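Heads up, the thing below is written out as structure tokens.
There are 2 protein chains.
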Amino acid sequence: MNNTIRQHHAPHATMEDVARLAGVSLKSVSRVINNEPHVSAKLRAKVEAAITELDYVPDMAARSLAGSRTFIIGLLFDNPSPNYTMKVQSGVYRACVEHQYHLRIDQIDSSCSDDLVQAQLSAILRNSRCDGFILTPPLTDNQLVLDFLEKQGIRYARIAPDIQLDRAPCVLIDDFAAGAMVAHYLFNLGHRRFGIITGPDHHGAAHRRRDGFVSALRTMGLDGPILEAPGGFAFSGGIAAGQVLMDASPRITAIFATNDDSAAGAMVSCMRAGVTVPGDVSVCGFDDSWVAESVWPALTTVYQPIEEMAHRTALMLLDRTGQAATQTTLDFRLIVRDSVAAAP
Amino acid sequence: MNNTIRQHHAPHATMEDVARLAGVSLKSVSRVINNEPHVSAKLRAKVEAAITELDYVPDMAARSLAGSRTFIIGLLFDNPSPNYTMKVQSGVYRACVEHQYHLRIDQIDSSCSDDLVQAQLSAILRNSRCDGFILTPPLTDNQLVLDFLEKQGIRYARIAPDIQLDRAPCVLIDDFAAGAMVAHYLFNLGHRRFGIITGPDHHGAAHRRRDGFVSALRTMGLDGPILEAPGGFAFSGGIAAGQVLMDASPRITAIFATNDDSAAGAMVSCMRAGVTVPGDVSVCGFDDSWVAESVWPALTTVYQPIEEMAHRTALMLLDRTGQAATQTTLDFRLIVRDSVAAAP
DNA sequence: CGCAGTCTTGACAGCGCTGACAACGGGTGT
DNA sequence: ACACCCGTTGTCAGCGCTGTCAAGACTGCG
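Protein sequences appear in the order of chains Y and B. The opening position of the first sequence corresponds to residue 15 in my numbering, with each subsequent residue numbered one higher. The opening position of the second sequence corresponds to residue 15 in my numbering, with each subsequent residue numbered one higher.
Quick look at the structure:
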């Protein structure tokens with residue numbers, strides 16, 4: 015098959031045009047564009063004027079062919095939640111626009127065997143070089159992926175990683191503290207019998223939320239059992255987990271779901287079982303994703319600044335000149351809506 | 015700010031390596047890669063063997079610098095629904111991978127003034143050339159955007175356009191028929207008093223769904239009023255529209271929302287008003303998006319193959335060699351869940 | 001005043017590929 | 001046998017930019 019697309023570009027100004035207009039050499043224009051040192055203010059001004067006048071935009075293809083950068087960063091994800099992914103994408107995209115970079119998006123299925131994961135990665139890398147990658151959970155904590163990238167000498171930054179935080183730049187929230195916050199909130203409303211809906215096995219942040227929740231309850235003196243059921247961050251998983259939790263006797267009065275999707279599922283389980291939310295059982299989610307507002311009653315949840323986290327992560331990847339790993343922690347907050355009430 | 019990212023690529027095989035190994039000229043390798051005619055089977059085989067042996071992958075930057083193609087297509091969207099956008103993206107992305115193309119994503123805000131829309135487009139085009147663009151609603155029916163692209167001689171294809179279908183390749187479903195299908199379904203369940211939640215003003219497909227629905231009801235002999243309230247395809251719009259519709263007396267028994275998001279909002283309005291779904295009022299959505307399954311009761315809705323539509327659209331853009339506009343219509347189907355019942 | 005040392009600027013090759021064009025070779029018609 | 005044609009293969013310049021290296025401009029100091 016011969017895929018032929020041909021385009022007649024409007025003739026763009028080239029670096030040569032700029033150089034001629036500014037009366038300087040090609041290389042000087044290049045220096046200005048790349049913010050290189052050792053350029054006099056006068057020369058820079060001349061060149062910038064010419065660039066503006068000609069509405070010059072550097073040609074990415076030529077830049078990457080001649081130089082060692084590609085001006086592309088890749089976003090690797092393996093998260094089924096469209097909501098989460100879109101927010102991440104939008105944050106990373108914003109950083110790219112700000113830095114005249116391009117964004118490449120690739121989905122990886124990390125649930126398969128190591129060999130297959132490796133094959134997917136190789137294919138992506140072969141297919142187009144990138145200056146760096148952004149990893150989202152659960153890829154952030156996949157040793158295989160990290161090792162592979164490092165072995166190839168490819169830079170990357172991580173969003174909300176769990177392990178080995180100093181291995182590469184990353185941005186996260188204190189998931190443990192967030193879980194604890196939910197615990198305090200529910201405990202202070204009088205709840206004493208709790209259920210937790212956990213996330214995917216390999217999702218570090220989900221574990222930290224759960225650990226923070228449990229740890230805070232224990233610290234506050236709760237000594238009864240705390241039920242747990244796996245929700246896998248999916249709506250359907252939330253339904254199943256909700257059913258399991260509903261079966262307990264005496265019945266629990268509050269559920270902490272480690273993300274909103276599974277919280278929504280749990281609410282459906284309650285409805286089906288004839289249990290009212292929040293009258294009989296309170297439900298608290300995590301993410302403040304789009305579903306939180308579209309269920310009824312609206313979901314009380316923890317807001318985390320996903321878009322901003324993604325943006326910061328991308329900036330780390332783009333800005334850095336040195337090697338030192340950095341780490342940024344952003345704030346979360348409780349979003350009180352209608353799915354949590356005082357214990358019955 | 016000096017954004018310095020440098021990467022040491024593992025030394026890749028180049029076309030020259032392939033040519034040497036195969037014992038042919040550079041140009042012959044190029045011919046094979048680009049599927050050009052006038053290449054003997056023997057030569058092609060030799061080259062392909064060498065390519066496999068060396069694991070050669072053509073360098074995109076060099077290709078676009080030397081040739082007239084960029085190997086990038088752009089996806090332009092202005093749709094707030096993460097669900098819809100993700101599906102479109104995934105379909106287009108698949109087509110790109112199949113054709114060794116890259117995908118560029120750009121968001122446009124088309125609700126602002128014409129001048130600003132034009133400015134956004136110019137910025138996108140200046141920033142990086144593309145071999146073509148994919149448009150999603152409501153951009154598909156924005157005269158300004160279409161004119162602009164055509165004036166610049168840029169190819170594009172449309173997903174679910176409303177007007178001037180022969181202007182460019184497109185893929186769509188028969189929204190009118192889909193609306194009619196919903197009308198028949200509800201009418202046959204005994205419903206006679208209807209409310210419609212309409213979409214954004216400038217969204218052609220939303221109008222067609224509404225028109226098909228109304229037209230079918232009239233054809234079946236319904237002569238009472240059919241209420242309409244604007245939902246703007248948003249969850250919050252759906253709540254507002256739901257409230258308006260609930261105020262009617264005698265109360266309507268069925269609501270057709272032109273997308274799932276607004277249907278979910280309408281369901282919340284019902285709950286708040288103490289009206290049960292589907293006991294008192296039936297609600298039918300459109301899209302079979304993710305929310306359809308995460309509300310309670312689960313939403314009866316119309317499935318449209320968004321991912322597939324996007325994929326086909328991208329293939330049209332990539333495959334075509336001629337100029338003739340083409341058009342593909344795909345199937346939709348009713349997804350029966352729990353939000354619709356017989357009229358009370 | 002001259003010279004080393006530093007800052008600033010420029011000349012030029014070449015990144016990996018494609019497009020235009022040339023050259024080759026083998027079949028056809030006369 | 002010769003001219004002609006067409007399918008096939010090759011040669012080479014150059015796309016727009018950056019890295020290397022060298023030259024020029026300036027500074028301070030003996």
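C-beta: ideal position from N, C-alpha, C; glycine also. A quick note: this is a predicted structure, and the numbers were derived from the prediction, not measured.
**N- and C-terminal bounds of the alpha helix (DSSP H) containing B/F190** = Segment 189-202, the alpha helix (DSSP H) holding B/F190.
**Request:** Consider the Cβ of Y/N374: report whether some Cβ of chain B lies at a distance smaller than 7 Å.
**Result:** This structure gives no information on residue 374 of chain Y, because the portion of chain Y shown stretches from 15 to 358.
**Message:** Closest to Y/F270 by C-alpha separation, out of Y/V297, Y/A254, Y/M260, would be which residue?
**Reply:** Answer by Cα proximity: Y/V297.
**Asked** Relative to the alpha-carbon of Y/Q103, which residue among Y/H113, Y/L89, Y/Y115, Y/E112 has its alpha-carbon at the smallest distance?
**Response** Answer by Cα proximity: Y/L89.
**Prompt:** Within 7 Å (strictly less), CB to CB, does Y/V295 reach chain B?
**Reply:** It does not; no Cβ of chain B falls within 7 Å.
**Asked** Which of the three DSSP states, helix, strand or coil, is assigned to Y/S296?
**Response** DSSP places Y/S296 in the strand class (E or B) of the three-state scheme.
**Prompt:** Could one say the Cβ of Y/S308 lies closer than 7 Å to chain B's Cβ atoms, at least one of them?
**Reply:** Yes, contact with chain B.
**Sub-7 Å separation of B/D180 and B/G218 beta-carbons** = Taking 7 Å as the cut-off, the beta carbon of B/D180 is found no closer than this to the beta carbon of B/G218.
**Request:** Report the residues of the stretch 102-135 of chain B with a CB closer than 9 Å to any CB of chain Y, ordered along the chain.
**Result:** Result list: Q103, S104, Y107, V111, H113, Q114, Y115, H116, L117, R118, I119, D120, Q121.
**Prompt:** For B/V32, which residues of its own chain have a beta-carbon under 8 Å away from its beta-carbon, when the five flanking residues on both sides are left out?
**Reply:** Counting only Cβ-Cβ distances below 8 Å, and skipping sequence neighbours, we find V43, V61, A64, I65, L68, Y70.
**Own chain residues within Cβ distance below 7 Å of Y/A191, not counting five before or after** = G226.
**According to DSSP, residues forming a beta bridge with Y/D301** = Looking at the DSSP assignment, Y/D301 forms a beta bridge with Y/Y317.
**Request:** Compute the beta-carbon to beta-carbon distance between Y/I266 and Y/V295, rounded to the nearest angstrom, for a pair I have assumed lies under 8 Å.
**Result:** Contact holds; Cβ gap of about 7 Å.
**Request:** Alpha carbon to alpha carbon, how far is B/R83 from B/R77? Give it in angstroms, no decimals.
**Result:** Roughly 8 Å separates the two Cα atoms.
**Asked** Quick one: Cα of B/R20 to Cα of Y/D333, how far?
**Response** Residue placement at B/R20 cannot be trusted, given a pLDDT of 43 that sits under 50; the coordinates are not used to answer.
**Top-ranked residue by Cα proximity to Y/G105, from Y/T150, Y/S125, Y/L135** = Looking at the Cα atoms, Y/T150 is the closest of the given residues.
**Item:** Opening and closing residue of the beta strand (DSSP E) in which B/A268 lies
**Value:** Residues 268-271.
**Prompt:** When the Cα atoms are used, what is the spatial distance from B/V354 to Y/R118?
**Reply:** Rounded to whole angstroms, B/V354 to Y/R118 spans 42 Å at the Cα level.
**Prompt:** How many Å lie between Y/H361 and Y/V289 at the Cα?
**Reply:** The question about residue 361 of chain Y has no answer here: the residues shown for chain Y are numbered 15 through 358.
**Request:** Spell out the partners DSSP gives B/P244 in its beta bridges.
**Result:** In the DSSP secondary-structure assignment, B/P244 is bridged to B/T212.
**Request:** Could you check what DSSP says for B/T12 in three-state terms: helix, strand or coil?
**Result:** Residue coverage of chain B in this structure runs from 15 to 358, which leaves residue 12 of chain B outside it and unanswerable.
**Request:** Following the continuous alpha helix (DSSP H) through B/R143, name the residue where it begins and the one where it ends.
**Result:** Counting along the chain, B/R143 falls outside any alpha helix (DSSP H), and DSSP gives it neither H nor E.
**Assigned secondary structure, B/R172 (DSSP; H/G/I helix, E/B strand, else coil)** = The answer is strand: DSSP assigns B/R172 an E or B state.
**Message:** So if I threshold CB-CB distances at 8 Å, which residues from the stretch 251-283 of chain Y count as touching chain B?
**Reply:** So the list reads D275, A278, G279, M281, V282, given in the order they occur along the chain.
**Asked** Going along chain B in order, which residues have a C-beta closer than 7 Å to the C-beta of Y/T99?
**Response** Residues of chain B whose Cβ lies closer than 7 Å to the Cβ of Y/T99 are, in chain order, M100.
**Distance, B/T314 Cα to B/A277 Cα** = Near 10 Å, if we compare the C-alpha coordinates of B/T314 and B/A277.
**Prompt:** Exposed or buried, B/Q157, counting other C-beta atoms within 10 Å across all chains shown (16 or more means buried)?
**Reply:** Under this definition B/Q157 is an exposed residue.
**Asked** When the cut-off is 7 Å and only beta carbons count, does Y/A75 lie next to chain B?
**Response** Answer yes: the Cβ-Cβ gap between Y/A75 and chain B drops below 7 Å somewhere.
**Asked** Given that a residue counts as buried once 16 or more other Cβ atoms are within 10 Å of its Cβ, and exposed if not, what is B/T343?
**Response** Counting the other CB atoms within 10 Å of its CB gives B/T343 a total below 16, which places it among the exposed residues.
**Request:** Give the secondary structure of Y/Q121 by DSSP, where H, G and I count as helix, E and B as strand, and everything else as coil.
**Result:** Reduced to three states, the DSSP call for Y/Q121 is strand.
**Message:** For B/R140 and Y/N93, what's the separation of their Cα atoms in angstroms?
**Reply:** In a straight line, the C-alpha of B/R140 is about 32 Å away from that of Y/N93.
**Request:** Give a yes or no on whether the minimum CB-CB distance between B/R140 and chain Y is below 7 Å.
**Result:** At least one chain Y Cβ lies under 7 Å of B/R140.
**Asked** DSSP three-state call for B/C110: helix, strand or coil?
**Response** Residue state, collapsed to three classes: helix.
**Message:** Which of the three DSSP states is assigned to Y/L158 in this structure?
**Reply:** The answer is helix: DSSP assigns Y/L158 an H, G or I state.
**Own chain residues within Cβ distance below 7 Å of B/S283, not counting five before or after** = Contacts found: I253, G256, Q257, M260.
**Prompt:** Considering only C-alpha positions, which residue in the set Y/F208, Y/R326, Y/A262, Y/V131 is nearest to Y/S229?
**Reply:** Of the listed residues, the one whose Cα sits closest to Y/S229 is Y/F208.
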